[in-house]
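Numbering of the sequence shown is given in our numbering, commencing with residue 10 and proceeding in unit increments. One structure is given here, and the rest of the page talks about it.
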Amino acid sequence: MEVEGVQPGKIGIYGGSYGGFITLMALFTAADTFTAGAALRSVTDWAHYNHGYTANILNEPADDPIAYRRSSPIYFAEATGAPTHRPWYAGC
């Protein structure tokens with residue numbers, strides 16, 4: 010990082026769609042690495058996403074709830090100590 014001039018205390022991450030999912034998982038499971046992040050159009054709970062596609066990978070939520078829990082960012086959200094922001098329309 011020193012060679013490229015990266016300041017360790019100022020590293021952010023962002024992504025959309027699957028990149029948004031990865032962003033959330035990174036923020037929630039490696040919070041000490043990132044100072045900021047933005048997840049755009051991300052999957053937060055695989056149990057509520059494109060059932061057929063997800064079931065092919067993780068089985069059915071009722072059959073394998075542990076796989077869904079381990080793979081869904083929503084279950085790791087409280088672990089972050091970082092400030093969070095909700096979209097302006099979240100209360101609608």
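Cβ atoms here follow ideal geometry from the backbone N, Cα and C, with glycine treated the same way. Predicted, not measured: the structure shown is a model, and the values here were computed from it.
Taking a contact to mean a Cβ-Cβ separation below 7 Å, would you say residue i touches residue j in this structure?
i: Phe43; j: Ile20; result: yes
i: Phe37; j: Ala88; result: yes
i: Ala64; j: Tyr77; result: no
In angstroms, rounded to a whole number, what distance separates the CA positions of residue i and residue j?
i: Glu69; j: Ser26; result: 22 Å
i: Phe85; j: Ile22; result: 17 Å
i: Arg79; j: Ala48; result: 19 Å
i: Gly61; j: Thr32; result: 24 Å
i: Tyr58; j: Asp72; result: 16 Å
i: Asp54; j: Val15; result: 33 Å
i: Gly28; j: Asp41; result: 19 Å
i: Pro74; j: Met34; result: 18 Å
Check the Cβ-Cβ distances between residue i and every residue of chain C, and say whether any is below 7 Å.
i: Gly25; result: In the displayed structure, chain C is absent; only one protein chain is listed.
For residue i, count neighbouring Cβ atoms within 10 angstroms of its own Cβ and tell me buried if that reaches 16, exposed if not.
i: Gly39; result: Reading off the sequence, residue 39 comes out as Ala, not Gly. Exposed is the call here.
i: Gly46; result: buried
i: Pro17; result: exposed
i: Pro82; result: buried
i: Val12; result: exposed
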